[in-house]
Amino acid sequence: MNARLDYFTNPVAGKALKYFMACGREVKDLPLPAATQELVALRVSQINGCAACIDMHTKDAVAAGESAVRLNLVVAWREATVFTEAERAALALAEQGTRTADAGTGVDDETWARAAELYDEEQLTALVMLVSFMNAVNRLNIITQRPAGDYEPGQFH
């Protein structure tokens with residue numbers, strides 16, 4: 006299976022992609038716990054059905070020491086007892102920030118307030134940037150049908 010476009014060899018895509026990838030590295034360096042970043046990236050990718058990003062963030066999370074139990078339960082985080090209150094708030098914000106068409110209003114005030122209780126302004130900014138970035142990356146991969154399975158942990162960092 007091949008992607009419709011290969012962003013890494015296409016010169017037109019390459020011009021924009023170098024900035025896009027740099028943005029991704031900057032987002033990763035923002036002050037949000039690494040485990041939270043991977044859980045949020047994974048959940049956004051699950052919602053959007055981005056196999057390439059699910060592959061990437063699952064493998065990166067495992068390489069960083071995340072447990073299989075927590076990764077398997079991200080899809081049903083509300084019923085799982087393995088996530089902290091802060092992680093649960095981040096996952097809720099990520100879901101509402103991803104399902105903007107479903108929610109009609111985007112992130113509701115209650116979800117925002119809960120996240121703001123558990124994260125400082127810098128971390129909250131990082132969370133918003135991560136959710137937005139992941140939604141963009143998901144769309145790039147979904148539109149071009151980028152295949153999943155061959156990602157190596159840390160490949161794009």
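With the sequence shown counted from 1, adding 5 to any position gets you our numbering. Glycine included, every Cβ here is placed at the ideal spot set by N, Cα and C.
Check, Outcome
"Just confirm the distance between the C-beta atoms of Val136 and Leu98, as a whole number of angstroms; I'd bet it's less than 8 Å.", "7 Å"
"How many Å lie between Met61 and Ala118 at the Cα?", "30 Å"
"Please say whether Met139 and Ser50 have beta carbons closer to each other than 8 Å?", "yes"
"For the putative contact between Leu57 and Asn146, defined by C-beta atoms under 8 Å, what is the C-beta separation to the nearest angstrom?", "The amino acid occupying residue 57 in the given sequence is Ala; Leu does not appear at that position. Going by Cβ atoms, the distance from Ala57 to Asn146 rounds to 4 Å, so yes, they are a contact pair."
"Quick check: is the beta carbon of Ala56 nearer than 8 Å to any beta carbon in chain C?", "The chain inventory of the structure shown lacks chain C, comprising one protein chain alone."
"Is the beta carbon of Gly111 less than 8 Å from the beta carbon of Gly102?", "yes"
"Please report the straight-line C-alpha distance between Ala120 and Ala8, rounded to a whole angstrom.", "37 Å"
"Return yes when the Cβ of Glu84 is within less than 8 Å of the Cβ of Ala4, no when it is not.", "This structure gives no information on residue 4, because the portion of the chain shown stretches from 6 to 162."
"What are the boundary residues of the alpha helix (DSSP H) that Gly102 is part of?", "Glu90 to Thr103"
"Would you identify the three-state DSSP class for Cys58, choosing helix, strand or coil?", "helix"
"Kindly list the residues whose CB is nearer than 6 Å to the CB of Val17, restricted to its own chain and excluding five residues on each side of it in sequence; keep chain order.", "none"
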